[in-house]
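Heads up, the thing below is written out as structure tokens.
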Amino acid sequence: MLNKYARAFFTRVLTPFAAFLLRRGVSPDAVTLIGTAGVVAGALVFFPRGEFFWGTIVITLFVFSDLVDGNMARQAGLSSRWGAFLDSTLDRVADGAIFGGFALWYAGNGDDNVMCAVAIFCLASGQVVSYTKARGESIGLPVAVNGLVERAERLVVSLVAAGVAGLHGFGVPGVQVLLPIALWAVAVGSAVTLGQRVVTVRRESAEADAAGAVGGADGTGGATGARGSEAT
Ligand SMILES: CCCCCCCC/C=C\CCCCCCCC(=O)OC[C@H](COP(=O)(O)O[C@@H]1[C@H](O)[C@H](OP(=O)(O)O)[C@@H](O)[C@H](O)[C@H]1O)OC(=O)CCCCCCC/C=C\CCCCCCCC
Ligand SMILES: Nc1ccn([C@@H]2O[C@H](COP(=O)(O)O)[C@@H](O)[C@H]2O)c(=O)n1
Ligand SMILES: [Mg+2]
Ligand SMILES: [Mg+2]
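In our numbering, the protein residues as written are 3 to 234.
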């Protein structure tokens, strides 16, 4: 939903900054790499210590690089398969650090095994949700569904809650409860989204197989080959 409605707004806002970076000779790949490094550092330095406000501030400063890199690539006519691969792969790294940071807090001084498990579920289910689309597309299906909770929703819900919950450290009472609520919401939403995508891939693959649009016993039309499909 955010991807559909907010992306156009952020594209307009970030285009001048993306153009500025291009003029300074910065490459889209550099922005992708530095942005991911900043998110990972923010998440793993601050979240495991329960410093949610500062962790969220640092992550927010860097996470928008994920919108800037593609914007730069498109403006400069530099969009590439490599860039698409790098962008998506490092998204998974950044997400792992964010939800891993929450899990480490609950496994340590946060001392809550249930919330540690919920954070790990958010991490794993988010990665699988993204994988369903990547794998479905790799076997030639459109995967024409985004689902209830995409990456932007996972990040906005959990980071806004973490940032506000972090205000507890400045004496604001009662706000800590927002983080567990947000993580539960992301966990349930990701499970629903996973179901939506699996059902869509199941339907699309049945339709494609019936139409003979793809050949081969593994349904890949030979595009990946049986070994390739086992290996991914
Ligand atoms: C007193 C208050 C203190 C609290 C301070 C809090 C400050 C702000 C807190 C949080 C802000 C969080 C912002 C997070 C923004 C995330 C932006 C982003 O990176 O989105 C990425 C997303 C996807 O991009 P890609 O196409 O590159 O990625 C694809 C995607 O990952 C696919 O995954 P899937 O969805 O399938 O799971 C992969 O399949 C694919 O491989 C991959 O390529 O980009 C978008 O979706 C674009 C829309 C972004 C919309 C951002 C909205 C930000 C909105 C509000 C932030 C302001 C909050 C203010 C809080 C105030 C609190 C009081
Ligand atoms: N280093 C990069 C990063 C991205 N791209 C291209 O942008 C697309 C992603 O756009 P976002 O707005 O979601 O960042 C990606 O699929 C690539 O085509 C790139 O070329 N190099
Ligand atoms: Mg990007
Ligand atoms: Mg991305």
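We treat Cβ as the ideally placed atom computed from N, Cα and C, and that holds for glycine.
Since we're looking at a predicted model, the values are computed, not measured.
So what does DSSP say about residue i, is it helix, strand or coil?
i	result
PRO18	helix
ILE122	helix
ILE183	helix
ASN148	coil
MET3	coil
PRO288	Given a span of 3 to 234 for the chain in the structure shown, any question on residue 288 remains unanswerable.
VAL28	coil
ALA78	coil
ALA100	A quick correction: the sequence has Ile, not Ala, at residue 100. DSSP places ILE100 in helix when its eight states are reduced to three.
Pop quiz: residue i and residue j are said to be a contact at Cβ under 8 angstroms. What is the actual Cβ separation, rounded to whole angstroms?
i	j	result
VAL41	ILE122	In fact, because the Cβ distance is near 19 angstroms, the residues do not count as touching under 8 angstroms.
ARG83	GLY149	Incorrect: roughly 25 angstroms between the Cβ atoms, too far for contact.
ASP71	ASP89	6 angstroms
LEU69	PHE12	5 angstroms
Return yes when the Cβ of residue j is within less than 9 angstroms of the Cβ of residue i, no when it is not.
i	j	result
SER207	ALA184	no
VAL145	GLU139	yes
TRP107	PRO50	yes
GLY171	PHE54	yes
GLY103	ALA210	no
ALA75	SER67	no
CYS118	ALA109	yes
Quick check on residue i: buried or exposed, where buried means 16 or more other Cβ atoms within 10 Å of its Cβ?
i	result
THR34	buried
LEU63	exposed
ASP114	exposed
ARG26	exposed
ALA213	exposed
ASN73	buried
LYS6	exposed
LEU196	buried
ARG156	buried
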